[in-house]
Each structure stands twice: as structure tokens, then as C-alpha cells.
Amino acid sequence: MNKNIFYIIIIVFIFNSCNKEYFPEENACRDSDLFGTWQLIGQDTIIIVFTEAGYYDIVNYYENDNFKGYTNLDGIWHISKKYDTSTDLGEIYSRSTNSNLSHRGWERYEDYKFSIKKDTLFKKLKSSTDFEIFTRYKQQLIYDGPNFVRVDSSGVE
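Laid out in C-alpha cells, this is it:
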């Protein structure tokens with residue numbers, strides 16, 4: 000009986016030691032035109048955030064007794080191919096910040112381009128043919144690293 004408990008404890012420690020956490024690369028290439036909060040056209044609940052520090056994710060609004068605000072960011076991003084004016088496309092690499100043996104996390108490459116005014120973002124998975132269309136969100140969400148801090152509506156028209 001004691002041997003079984005010992006083996007279970009060892010397995011739990013091994014499983015937990017396989018957790019891997021990812022952080023943004025400080026000097027990675029990022030397109031400053033992507034920085035900020037974007038909303039998918041026609042979908043009020045699909046809001047994405049690209050931070051200057053390299054964090055990224057789809058965020059959701061939630062409210063409970065202790066907190067009212069948006070979810071933290073669970074992804075990192077950088078530009079894997081710089082925006083090319085001849086093809087009118089750039090490529091974004093993003094991945095989840097955590098992975099372990101039971102949850103590999105997500106990882107993706109997406110093509111992107113902008114409208115002339117850079118107020119509309121067209122983004123699609125490499126395997127897709129259709130672009131999703133995002134516009135600047137009515138409020139900009141402020142994050143400290145991956146953690147939601149506040150809403151700033153002062154810089155949005």
C-alpha cells in the first residue's frame with residue numbers, strides 16, 4: 000500500500016514538472032499597427048488584444064462579486080514574416096503561454112493585412128481562404144503583461 004502511494008506521488012511530481020510556460024521574446028518583431036483592442040465585425044463577443052509587450056488572446060468580459068472586467072491574456076505573439084507591400088500580407092505567429100502533458104496548448108500562423116487607414120484588420124489562419132474582419136474596439140483594454148488592468152476609452156473616437 001505504501002509503495003503505491005509513493006509511486007502516485009512520483010507520477011504527480013513528474014507530471015507537474017512537465018508544465019512549460021512561454022513568455023514573449025523582448026526583441027521580437029511586432030507590428031505597432033496591431034497594438035490594441037480589435038472586435039470581429041458582426042460578433043460583439045469576439046474581442047482580441049495585441050500588446051506591445053507581446054501578449055495576445057481573445058478576451059471575454061465577465062463580472063462577479065469580486066471583479067468586473069476582461070479576462071487575462073493567455074497567448075504570446077510576434078511577426079514571423081514582416082508586412083510585405085508587394086503581397087499586401089504579413090504573418091503573425093501566436094501560441095498559448097502554457098502547455099503540459101495533458102494540454103499541448105494552441106499554436107498558429109495567421110496572415111494579416113490592413114485597410115488603407117489601418118483601422119480595419121483582415122486576419123486568417125494559413126489554412127483558411129477567408130479573412131475575418133476586425134475593427135478597432137470602442138474601448139482600448141489596458142494590460143500589465145498578461146493581466147487585465149483597466150479600460151481606457153479616452154483614445155478612441
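For the sequence shown, position 31 matches number 30 in numbering that gives the first Met the number 0, and the numbering has no gaps at all. For every residue, glycine included, the Cβ atom is placed at its ideal position computed from N, Cα and C.
{"Query": "Assuming Glu109 and Lys123 make a contact with CB atoms under 8 Å, what is their CB distance in whole Å?", "Result": "6 Å"}
{"Query": "Which residues in the same chain as Glu156 place their Cβ atom closer than 8 Å to its Cβ, once the five residues preceding and following it in sequence are excluded?", "Result": "Residue placement at Glu156 cannot be trusted, given a pLDDT of 47 that sits under 50; what the coordinates show is reported in the next sentence. Result list for Glu156: empty, nothing under 8 Å."}
{"Query": "Suppose you measure from the CA of Asn97 to the CA of Phe147; what does that come to, to the nearest Å?", "Result": "18 Å"}
{"Query": "Helix or strand or just coil, what does DSSP make of Leu120?", "Result": "strand"}
{"Query": "So, helix, strand or coil for Asp143, using DSSP?", "Result": "strand"}
{"Query": "What is the DSSP secondary structure of Ser31, reduced to helix, strand or coil?", "Result": "helix"}
{"Query": "Can you tell me whether Gly89 is buried or exposed? The criterion is at least 16 other CB atoms within 10 Å of its CB, across all chains shown.", "Result": "buried"}
{"Query": "Note down the Cα distance separating Asn26 from Thr50, rounded to an integer number of angstroms.", "Result": "14 Å"}
{"Query": "Starting from the C-beta of Tyr61, find all residues in its chain whose C-beta is less than 7 Å away, skip the five residues before and the five after it, and write them out in chain order.", "Result": "Thr70"}
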